[in-house]
Every structure is written in structure tokens, then in C-alpha cells.
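Participant: Going from the sequence shown to the numbering used here is simple: count from 1 and add 182. From the three backbone atoms N, C-alpha and C, an ideal C-beta is built for every residue, glycine too. I'd like to ask some things about the structure below.
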Amino acid sequence: MAICTVSNLPITERPHWKTVHSDEKYTTHLKKIGEDILLTYYEADRDITIEYMDKELYQTVLDESGLTKKPVYLLRDLTHVTDISYAYKVNLTQLIYHWRPYFKLIVFYNIPEGFSTTVETFASIVPQNTPVLLVDSYTDAVLAVLDMKADNLPAEEYDDEEVELYSQRKKDFLAATARIGWMNMLSQAINIPSDDDYLHPFFKALDSLQKDLQERERIRSQERAEIERNCEKKISEQIILLNAQLELNNKLAAQFDRERSALKSRIAAQDMELTRVSTAIAEKASVLQSLRGKIAHIDMEPALRNEMTSACDRLIETEMIEKKINTELTANDSNFLSKLQHKHPNLNQRDLRICLLIKLNYDTREIARSIGISTRGLESIRYRMHKKMELSKHQSIKNYLTQLAVAWQGETTETSPQGKDKQ
183 MAICTVSNLP
193 ITERPHWKTV
203 HSDEKYTTHL
213 KKIGEDILLT
223 YYEADRDITI
233 EYMDKELYQT
243 VLDESGLTKK
253 PVYLLRDLTH
263 VTDISYAYKV
273 NLTQLIYHWR
283 PYFKLIVFYN
293 IPEGFSTTVE
303 TFASIVPQNT
313 PVLLVDSYTD
323 AVLAVLDMKA
333 DNLPAEEYDD
343 EEVELYSQRK
353 KDFLAATARI
363 GWMNMLSQAI
373 NIPSDDDYLH
383 PFFKALDSLQ
393 KDLQERERIR
403 SQERAEIERN
413 CEKKISEQII
423 LLNAQLELNN
433 KLAAQFDRER
443 SALKSRIAAQ
453 DMELTRVSTA
463 IAEKASVLQS
473 LRGKIAHIDM
483 EPALRNEMTS
493 ACDRLIETEM
503 IEKKINTELT
513 ANDSNFLSKL
523 QHKHPNLNQR
533 DLRICLLIKL
543 NYDTREIARS
553 IGISTRGLES
563 IRYRMHKKME
573 LSKHQSIKNY
583 LTQLAVAWQG
593 ETTETSPQGK
603 DKQ
């Protein structure tokens with residue numbers, strides 16, 4: 183174990199009592215002298231800027247040394263240190279005011295030229311119950327600790343009152359700059375010397391700077407508050423819009439449910455009607471078949487018999503076509519009629535039926551026979567339908583309906599699960 187050549191106390195240093203700072207290319211080391219003296223130094227091959235406080239390293243050493251709740255002496259070797267980051271300054275003040283253990287004495291030594299003002303600034307804000315010394319060497323630092331332990335730490339001496347006053351003014355000035363810059367304490371009053379004091383302009387300028395920063399902070403607070411109010415207003419407006427949209431969606435959903443129920447009822451009624459019509463047509467066809475059979479066996483002129491049987495055949499054919507027309511309403515047909523009615527609400531039920539039969543490729547004669555009108559009458563209806571659907575002069579109803587069916591079928595495919603899988 184190494185021995186301190188100044189105090190003859192044992193030096194404890196473990197391999198993991200260090201933190202490597204790769205970006206700044208330095209390593210922080212911590213060792214213990216005796217039982218309660220901690221020494222921090224930096225391993226580097228060039229001048230460095232300390233980037234942050236190694237809190238975890240300090241805590242590890244304190245825990246492993248049993249010093250977590252005990253007062254300690256802290257030595258800081260500042261060889262190669264020419265600056266510290268703003269984050270380090272903030273952490274350094276937190277270390278003094280908010281972190282344990284209690285430091286009985288802090289000693290800085292090997293302070294590079296030009297960095298002493300920063301160290302003095304730190305010393306100016308340390309609580310009065312923690313002395314801070316700036317000395318030249320390691321020997322001076324250890325001797326200062328020994329003097330403190332022996333309750334023999336010499337008081338600071340001045341050549342005259344003016345030097346003492348200047349020293350106190352300098353400390354006040356540095357403390358004010360640290361409170362403003364490091365701790366963001368903008369409401370702490372600055373003790374400004376009298377007007378005839380040659381340091382008065384410096385303190386006055388610092389006081390003016392603090393007031394400017396206070397005003398800037400006030401303006402920023404107002405701007406932040408205004409931004410928060412605007413954001414809250416926009417959020418409230420968006421919530422209102424979302425609630426309105428939600429209410430509208432609920433109304434549309436309710437309307438959709440009502441329409442769907444009505445359509446289901448209508449389809450059920452139409453199914454019953456189709457069943458009735460199909461039954462009646464089947465009965466008619468059966469009667470006609472029976473009648474045709476009887477006519478075939480009646481003793482009459484062949485020409486009359488052929489005419490009557492042909493008439494029966496035509497009636498049977500008509501009834502079968504009617505049955506086919508009334509029973510071939512598929513789900514696609516129902517969907518087609520629903521969309522067609524929505525697109526052209528001025529079409530009546532007969533118009534919609536004719537459109538479906540046209541789409542299903544029934545000829546004019548079959549359609550006319552199905553709805554019980556003449557071929558000429560059907561042509562008149564188709565002419566009026568052409569106008570109702572606002573088709574161009576050379577656009578046929580059949581082509582128009584075919585295009586609609588293809589387009590709507592494509593929409594159904596895209597929105598169906600199978601359609602999504604294909605995409």
C-alpha cells in the first residue's frame with residue numbers, strides 16, 4: 183500500500199475508482215488518504231475541459247469506504263484543467279448545496295494560470311461552514327488538511343483594510359456572477375458599493391445585467407404561458423370538433439341501422455311475395471299442362487287442336503319466364519338495385535325492375551310480357567327512363583347499367599377481405 187509522503191497516511195486506490203471520458207480524452211481518478219481525505223485528479227496528456235461531475239464515482243468511493251454519512255476532506259488536483267462545462271458548474275453547486283457528505287474542507291491545487299478566477303468563483307458561493315483554499319502544491323494541500331484536523335488552520339491575513347475590502351468586494355462580485363450564471367438565481371439582491379467606490383461601475387453593470395435577465399425571463403414566461411393557452415385552446419377546439427364528428431357518426435350509424443332494418447323488412451316482404459307468385463305460377467303452369475293434355479285428346483279439327491295447344495305452350499312459356507324473372511333476385515342484384523336507387527332516386531319501382539331485367543340481358547319481349555305491357559309501351563317507358571337518368575343521346579341504358587355494375591363490383595372487391603388480400 184502506498185504511503186503519503188507528507189502525512190505518512192496510507193493511500194487507498196482501487197482499479198475501478200476512475201471514470202474514463204472518451205470524448206474529452208481524460209480519465210478522472212479518485213483515491214483516499216488515511217480514513218477521510220479524498221483526492222481527485224485527472225489523467226490526461228493535454229489541457230482539458232471537465233465535461234461533467236463524476237457523481238457515481240464519488241458515491242462508489244464513499245460507499246466502499248464507509249464515508250456516506252461522515253464528513254470528509256476533499257483535495258482537487260487541477261493539473262491540465264483549463265475550463266469546465268456549464269453542466270459541470272451546475273452539478274458542482276448541487277454537490278455543495280444538495281449532496282452529502284458534508285465537506286469539512288475543500289482544497290484546490292496545481293491550478294493552471296487563467297483558471298484561478300473560475301475556482302475563486304466557485305469558492306465564493308460555497309457555504310461559510312465549508313472553508314475553500316487555493317494552494318500551490320500537493321504538499322500545501324495535505325498540510326492544510328492536517329492543520330484543519332489540528333484546529334490550527336491559519337486565518338486569512340491582509341496587508342491593510344483596503345486590500346481586505348477589495349478581497350471581500352471581489353468575492354461578492356464573483357458570488358453574484360455565479361448565482362446569475364451557474365444557478366440562475368436572478369432575484370438575489372446584489373450588494374452594490376457606494377457611488378464613490380471605484381468598483382461601483384462593475385457591480386452596477388452586474389446588477390443591470392441581472393435585471394435584464396429577470397425581464398427576459400419574465401417575457402419568456404409570458405410567452406410560454408401564451409403558447410400553453412393557445413395550445414389548450416386548440417386542443418379544446420379539436421375536442422369539440424371530434425365530439426361533434428362523433429355525434430354525427432353516431433347519428434349516421436343510427437340512420438344506417440334504421441335503413442338496414444327497413445331494407446331487411448322490405449326484402450323479407452318481397453321474398454314472401456316471390457314465394458306466393460312462384461307458387462301461383464307453378465299452379466297455373468300445372469293447370470295449363472293439364473288443359474293441354476285434355477285438348478290433345480278431344481275430337482276436333484287438327485288445325486283447331488294445333489292452335490289451342492300452341493296457345494297453351496305460349497302461356498306455359500310465359501308463366502315459366504315470369505317465374506324465372508321473379509325468383510332470380512340475388513344478393514348482387516339487391517345491392518345493384520339499392521345503389522341504383524340511391525344514384526337515381528327519381529326511378530320508381532317499375533323502372534328499377536326494368537333496369538334489373540335489362541342488366542340480366544332479358545329481351546324487350548320478355549320484359550314487356552313480365553310487367554304486363556306491350557312492346558311499344560315498354561319502349562315509351564325506356565325513353566322516359568333515359569331522361570330520368572340524364573343519359574346522353576347515344577348512350578344506351580344497357581351499356582350504362584353494365585358500366586355501373588362493373589364499377590360497383592370493383593368497389594365491393596376492394597373493400598372486401600379478399601380484395602384486401604389481393605392488394
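With burial defined as no fewer than 16 other Cβ atoms inside 10 Å of the residue's Cβ, what is the status of Asp265: buried or exposed?
Facilitator: It is exposed - the Cβ of Asp265 has fewer than 16 other Cβ atoms within 10 Å.
Participant: For the ligand MN, is there any heavy atom lying closer than 7 Å to the beta carbon of Tyr240?
Facilitator: Ligands displayed in this structure: none; no statement on the ligand MN is therefore possible.
Participant: Tell me the start and end of each unbroken alpha helix (DSSP H) in the region 227-254 that is at least 4 residues and wholly inside, in chain order.
Facilitator: 237-247
Participant: Within its chain, find whatever has a CB closer than 6 Å to the CB of Tyr340; leave out the 5 residues flanking it on each side and keep chain order.
Facilitator: Glu346
Participant: Enumerate in chain order the residues of its own chain whose CB-to-CB distance from Ala357 is below 7 Å, with the five nearest sequence positions on each side excluded.
Facilitator: Ser306, Ile307
Participant: Reducing DSSP to helix, strand and coil, say where Arg196 ends up.
Facilitator: coil
Participant: Let me confirm a value: Phe438 is counted as buried when at least 16 other C-beta atoms fall within 10 Å, else exposed. Which label applies?
Facilitator: exposed
Participant: Could you tell me which residues DSSP pairs with His211 in its beta bridges?
Facilitator: DSSP lists Lys200, Tyr223 as partners of His211.
Participant: Using 8 Å as the threshold, is the C-beta distance between Leu257 and Pro294 below it?
Facilitator: Taking a C-beta distance under 8 Å as the contact criterion, Leu257 and Pro294 do not qualify as a contact pair.
Participant: Take Gly248 as the anchor and find which of Ala589, Asp379, Ile219, Val202 has the nearest alpha-carbon.
Facilitator: Ile219
Participant: Which class does Lys286 belong to by DSSP, given the choice of helix, strand or coil?
Facilitator: In the displayed model, Lys286 falls within a strand according to three-state DSSP.
Participant: Which residue wins for smallest C-alpha separation from Tyr255, given the options Ile232, Glu246, Thr222?
Facilitator: Thr222
Participant: With Thr210 and Tyr224 assumed to form a contact (beta carbons below 8 Å), what rounded beta-carbon distance in angstroms separates them?
Facilitator: 6 Å
Participant: If we count the other Cβ atoms within 10 Å of its Cβ and call it buried at 16 or more, is Asn378 buried or exposed?
Facilitator: Checking the sequence, you will find Asp at residue 378 rather than Asn. Exposed is the call here.
Participant: Mark Val301 as exposed unless 16 or more other C-beta atoms lie within 10 angstroms of its C-beta, in which case mark it buried.
Facilitator: buried
Participant: Tell me which residues share the same chain as Asn273 and place their Cβ nearer than 8 Å to its Cβ, disregarding the 5 neighbours each side in the sequence.
Facilitator: For Asn273, where only same-chain residues beyond five positions count, the Cβ hits under 8 Å are Tyr234, Met235, Lys237.
Participant: May I ask you to report which of helix, strand or coil DSSP gives Tyr291?
Facilitator: Tyr291 falls in the strand class under three-state DSSP.
Participant: Can you say whether Val588 is buried or exposed, counting buried as having 16 or more other CB atoms within 10 angstroms of its CB?
Facilitator: Around the beta carbon of Val588, a 10 Å sphere encloses fewer than 16 other beta carbons of the protein chains shown; the residue is thus reported as exposed.
Participant: Is Val317 helix, strand or coil when you go by DSSP?
Facilitator: coil
Participant: Which residue or residues does DSSP assign as beta-bridge partners of Ala184?
Facilitator: Ile193
Participant: Over the uninterrupted beta strand (DSSP E) stretch that includes Val263, give me the two end residues.
Facilitator: 263-266
Participant: Within the chosen definition, does the region 392-407 reach the region 360-378 through at least 3 CB pairs nearer than 8 Å?
Facilitator: Two segments are said to touch when three or more pairs of C-beta atoms, one from each, lie closer than 8 Å; by this definition the region 392-407 touches the region 360-378.
Participant: Where do the ends of the alpha helix (DSSP H) carrying Leu539 lie?
Facilitator: It spans 531-541 - the alpha helix (DSSP H) in which Leu539 sits, taken as one unbroken run.
Participant: What span of residues does the alpha helix (DSSP H) with Gln523 cover, start to end?
Facilitator: 513-525
Participant: Kindly list the residues whose CB is nearer than 6 Å to the CB of Ala184, restricted to its own chain and excluding five residues on each side of it in sequence; keep chain order.
Facilitator: Ile193
Participant: In this structure, what does DSSP give as the bridge partners for Asp259?
Facilitator: Tyr291
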